[in-house]
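J.: Numbering (mature numbering (1 follows the signal peptide of the UniProt record, and there is no 0)), first residue to last: -35 to -1, 1 to 256. C-beta atoms are modelled at their ideal positions from N, C-alpha and C, and glycine is treated no differently. Quick caveat, the model's predicted, so the values are computed rather than measured.
The following block contains the structure:
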């Protein structure tokens, strides 16, 4: 791994001491000379290796709880999803209608070849990136959004049953098939999230075309255990209509929650959006002045 594509990250467990020692000597010299003063990340690692690091006196926020007023006044948030569940999670986080928040639907067709992905979580993450990219391109030149920072947020949620990707059902028979497969098993739910952010265009002296967005993406995984279901139970659930717009054909926050015996990981991730992971990512972006 590299810092800034220049300096390798040192791992003394993975390198023979005969190879580590010259690096330590060089880093020691550069550290004394303050050569890394422009890169706090590199300085922090050098200090750790040399045993000269000092505790930080400033605790970095791990959520946006103390940054909500900043987001309300200084950032335009665009949600690249019509999902009512994701909007509900935003409301629960405190990002409600009093914020400058809008929905812009992505035109991305979500037709990626699933078989080309060894990791279903990466599939969800790339889907989210493509959605965010499409919406960012739609609105990047909208002058009404130039006065504030901009954050485009996209997500994609899938169910992973032993490597098989389950998305939304195409019809009731498809929903029955998926629920029958999930019955009495544990499976994984992956939510990919992508954020495209930029500072205010009005203050930059550059055009919106010249400003490249900062891109952060990730996926979160939760394990869910479903109780054994009878055919009558499955069809009764399908008749409620709830499964038809849900990945894996069930909604944990609705009637389908009766089927869930246990959850290991983020509950909100199963709803369609990993609340804490997103909050932490936004807090880091604000801290680093990328939004």
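(1) For residue 280 and residue 38, I'd like the C-alpha separation in whole angstroms.
(2) Buried or exposed: where does residue 58 fall if 16 or more other Cβ atoms within 10 Å of its Cβ makes it buried?
(3) Below 8 angstroms between beta carbons: does that hold for residue 212 and residue 133?
(4) Output the residue ranges of the beta strand (DSSP E) runs that lie fully inside the region 64 to 129 and measure 3 residues or longer, sorted by chain position.
(5) Assess, as a yes-or-no matter, whether the region 167 to 186 is touched by the region 228 to 240 under the definition of 3 or more beta carbon pairs within less than 8 angstroms.
(6) Excluding the 5 residues preceding and the 5 following residue 228 in the sequence, name in chain order all residues of the same chain whose CB lies nearer than 8 angstroms to its CB.
(7) To the nearest angstrom, report how far apart residue 40 and residue 113 are at their CA atoms.
(8) Quick check: what's the CA-CA separation for residue 198 versus residue 147?
(9) Tell me which same chain residues have a C-beta within less than 7 angstroms of the C-beta of residue 27, skipping the five on either side of it?
(10) Going by DSSP, what residues sit across from residue 232 in a beta bridge?
(11) Just to confirm, is the Cβ distance from residue 153 to residue 125 under 8 angstroms?
(12) Output yes or no for whether 8 angstroms exceeds the beta carbon distance between residue 44 and residue 51.
(13) Which value, in whole angstroms, describes the spacing of the CA atoms of residue 220 and residue 206?
(14) Just curious, the beta strand (DSSP E) that residue 153 is in, first and last residue?
(15) Given this structure, state the Cα-to-Cα distance separating residue 201 from residue 208, to the nearest angstrom.
(16) Would you check if the distance between the CB atom of residue 42 and the CB atom of residue 64 is smaller than 8 angstroms?
(17) Which stretch, first to last residue, makes up the beta strand (DSSP E) that contains residue 183?
(18) Excluding the five sequence neighbours on either side, which residues of its own chain have a C-beta within less than 8 angstroms of the C-beta of residue 89, listed in chain order?
(19) Tell me where the alpha helix (DSSP H) around residue 147 begins and ends.
(20) Can you tell me which of the three DSSP states residue 226 falls into?
(21) Out of 33, 171 and 83, which one is the CA nearest neighbour of residue 66?
(22) What does the Cβ neighbour count give for residue 115, buried or exposed, with the cut at 16 atoms within 10 Å?
(23) To the nearest angstrom, how far is the alpha carbon of residue 101 from that of residue 46?
(24) Compute the Euclidean distance between the alpha carbons of residue 54 and residue 35, then round it to the nearest angstrom.
(25) Compare the C-alpha of residue 223 against each of 251, 171 and 149 and name the closest.
(26) Please report the straight-line C-alpha distance between residue 12 and residue 242, rounded to a whole angstrom.
T.: With the given structure in hand:
(1) Any answer about residue 280 is impossible in this case: the structure gives the chain only from -35 up to 256.
(2) Here residue 58 refers to the residue found at position 93 of the chain shown. Result: buried.
(3) The residue given as residue 212 occupies position 247 in the chain shown. The residue given as residue 133 occupies position 168 in the chain shown. Contact flag set, yes.
(4) 66 to 68 and 114 to 126
(5) yes
(6) Residue numbering aside, residue 228 sits at position 263 when the chain shown is read from its first letter. So the qualifying residues of the chain are 187, 188, 189, 190, 217 and 235.
(7) For the purposes of this step, residue 40 is identified with residue 75 of the chain shown, where counting begins at 1. For the purposes of this step, residue 113 is identified with residue 148 of the chain shown, where counting begins at 1. The alpha-carbon atoms of residue 40 and residue 113 are separated by roughly 5 angstroms.
(8) Within the chain shown, numbered from 1, the residue matching residue 198 stands at position 233. Within the chain shown, numbered from 1, the residue matching residue 147 stands at position 182. Their Cα atoms are separated by approximately 13 angstroms.
(9) For the purposes of this step, residue 27 is identified with residue 62 of the chain shown, where counting begins at 1. The residues are 245 and 248.
(10) The sequence position of residue 232 within the chain shown is 267, counting from 1. Paired residue(s): none; residue 232 is not in a bridge.
(11) Locating residue 153 in the chain shown gives position 188, where the first residue counts as 1. Locating residue 125 in the chain shown gives position 160, where the first residue counts as 1. Yes.
(12) As a position in the chain shown, residue 44 is number 79, starting the count at 1. As a position in the chain shown, residue 51 is number 86, starting the count at 1. The answer is yes: Cβ separation under 8 angstroms.
(13) Residue 220 sits at position 255 when you count from the first residue of the chain shown. Residue 206 sits at position 241 when you count from the first residue of the chain shown. Their Cα atoms are separated by approximately 10 angstroms.
(14) Numbered from its first residue, the chain shown carries residue 153 at position 188. 151 to 163 is the extent of the beta strand (DSSP E) around residue 153.
(15) For the purposes of this step, residue 201 is identified with residue 236 of the chain shown, where counting begins at 1. For the purposes of this step, residue 208 is identified with residue 243 of the chain shown, where counting begins at 1. Looking at the two C-alpha atoms, the distance is approximately 11 angstroms.
(16) In the chain shown, counting from the first residue as 1, residue 42 sits at position 77. In the chain shown, counting from the first residue as 1, residue 64 sits at position 99. A contact, by the Cβ cut-off of 8 angstroms.
(17) Position 218 of the chain shown holds residue 183. First-last of the beta strand (DSSP E) with residue 183: 179 to 191.
(18) Taking the chain shown and counting its residues from 1, the one referred to as residue 89 is at position 124. 121, 122, 123, 155, 156, 157 and 184, listed in sequence order.
(19) As a working note, residue 147 is residue 182 in the chain shown. Run containing residue 147: 137 to 147, per the alpha helix (DSSP H) assignment.
(20) Here the question's residue 226 lines up with position 261 in the chain shown. Of the three classes helix, strand and coil, the one that applies to residue 226 here is strand, per DSSP.
(21) The count along the chain shown starts at 1 and reaches residue 66 at position 101. When each option's Cα is compared against that of residue 66, the closest is 33.
(22) Taking the first residue of the chain shown as position 1, residue 115 is located at position 150. Classification for residue 115: buried.
(23) Looking up residue 101 in the chain shown gives position 136. Looking up residue 46 in the chain shown gives position 81. Whole-angstrom Cα-Cα distance: 13 angstroms.
(24) Looking up residue 54 in the chain shown gives position 89. Looking up residue 35 in the chain shown gives position 70. Cα to Cα, the separation comes out at about 19 angstroms.
(25) As a position in the chain shown, residue 223 is number 258, starting the count at 1. Of 251, 171 and 149, the residue nearest in Cα terms is 149.
(26) The count along the chain shown starts at 1 and reaches residue 12 at position 47. The count along the chain shown starts at 1 and reaches residue 242 at position 277. In this prediction, residue 12 has a pLDDT of 45, which is less than 50 and means its spatial position is unreliable; what the coordinates show is noted afterwards. Roughly 28 angstroms between the two C-alpha positions.
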